[in-house]
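Everything below concerns the one structure shown next.
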Ligand code: ASP
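Numbering (my numbering), first residue to last: 199 to 602.
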């Protein structure tokens, strides 16, 4: 089931209505919050089985470890390069807008907890699940990817005897796509329940002093999308930008409303396959990986936040510190989970890498939901652009099919 134009229009209209309802009804609009929670649960419950089934089928039908290596290398290179560019754009825009100069807000109590991050080796080892069923039940995406790729490749190696298992996963994957399609129809209701309460939460008095930070994040996100993703999609995939952005519009709005790229994953998968023609084999690998490790919006935010906090405290950043910020922000965006507010937690890592006061986090934490809306949309668009680029340079896009 393709996302029909009228559903997209409904989603846009509901978004506007949610804002208006939030303004009119004020705090009492909280009563519709359960609708948003219901939608979140609906899209979350299919993630683990969805990734498992579509990746097993994807890799069982290729069965070519060389291609797997190539797709993996291209994807990771794309993710790293674009994330590095994203922090840089964030830093440059923030220096131009100077969000932290001349503002007067009291430093809130440092409600900051520094997250202990595992070492690199432990993180890499952790991709191998102790127990695949635990990985599935806890929704550990990287571990599910690992397990699914192995099952897929082994199915091909086993041959005839594994055919029933292949057919099982093939049917199961179809069922997951169908469920996603059904859930998409309640998206407008979900968006209403998610967006309206947020409008109430952020009155003008909270937003006004930090309006330049919001502006800097928004502009940097826009520049990144307009220049970097558009250029990549145009150069490698040669599809029209209109088609790319329109095709990804439902996922972008769901990301904006849920602030979770992992939660948006079923919609991102569906949009890239059905609207952009990315083969399942590629989208079901590139997108779950991206929802876990590729967060360009989060990287942009780290860049802007560092400059803002430095300016607020009157600190100068040396070239070496800026380079450290680029490197650590890329790592932070890789380490951030695709859930609401993950970026603000990872900011602790970036600030401490350049010895800046962690209390600065409390300054931006108050408006995090707004910033998260921008960064999550960029995060999923980054993943989608990667899937298009990798597909175009591997098996090609199913553009004929899509054009039908
Ligand atoms: N909410 C973002 C995401 O899910 C992560 C972040 O907080 O930056 O992609």
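For every residue, glycine included, the Cβ atom is placed at its ideal position computed from N, Cα and C.
Using a C-beta cut-off of 8 angstroms, the stretch 509-522 makes contact with the stretch 283-301, since at least three inter-stretch Cβ pairs fall below that distance. Exclusion of residue 492 from the 7 angstroms shell around the ligand ASP follows from its C-beta lying no nearer than that to any non-hydrogen atom of the ligand. A straight line joining the alpha-carbon of residue 575 with that of residue 452 spans about 8 angstroms. Burial is judged here by how many other beta carbons sit within 10 angstroms of a residue's own beta carbon; residue 554 has at least 16 and is buried.
DSSP places residue 473 in the helix class (H, G or I) of the three-state scheme. Annotated three-state conformation of residue 410 is helix, per DSSP. Annotated three-state conformation of residue 551 is helix, per DSSP. In the three-state DSSP reduction, residue 299 falls in the coil class, being neither helix nor strand.
In the three-state reduction of the DSSP assignment, residue 379 falls in the helix class. A distance criterion of 7 angstroms places the beta-carbon of residue 457 in contact range of the ligand ASP, judged by its closest non-hydrogen atom.
Comparing alpha-carbon positions, the option among 497, 420, 537, 393 lying closest to residue 461 turns out to be 537. One alpha carbon belongs to residue 573, the other to residue 358, and they sit about 46 angstroms apart. Residue 322 counts as exposed, since fewer than 16 other beta carbons sit within 10 angstroms of its beta carbon. For residue 565, no alpha helix (DSSP H) run applies, since DSSP gives it neither H nor E.
Residue environment for residue 501: buried (at least 16 other C-beta atoms within 10 angstroms of its C-beta). Bounds of the alpha helix (DSSP H) holding residue 242 are 231-243. When C-beta atoms of the stretch 463-475 are compared with those of the stretch 439-450, three or more pairs fall below 8 angstroms, so the two segments count as touching. Around the beta carbon of residue 279, fewer than 16 other beta carbons sit within 10 angstroms, so the residue counts as exposed. Under a 10 Å Cβ-count criterion, residue 331 is classified as exposed, with fewer than 16 other Cβ atoms of the shown protein chains found around its own Cβ.
The closest CA to that of residue 531, considering only 510, 369, 550, 488, is found on 488. C-alpha of residue 424 to C-alpha of residue 336: approximately 36 angstroms in a straight line. In the three-state scheme derived from DSSP, where H, G and I count as helix and E and B as strand, residue 534 is classed as coil.
The alpha carbon of residue 214 has as its nearest neighbour, out of 259, 393, 234, the alpha carbon of 393.
Each residue's CA atom was taken as its position, placing residue 471 and residue 431 some 15 angstroms apart. Between residue 578 and residue 428, the CB-CB gap reaches or exceeds 8 angstroms. Contact between the stretch 267-279 and the stretch 362-374 is not established, with fewer than three Cβ pairs separated by less than 8 angstroms. Fully contained in the stretch 457-505 are the following alpha helix (DSSP H) runs of length 4 or more, in chain order: 459-474, 478-491.
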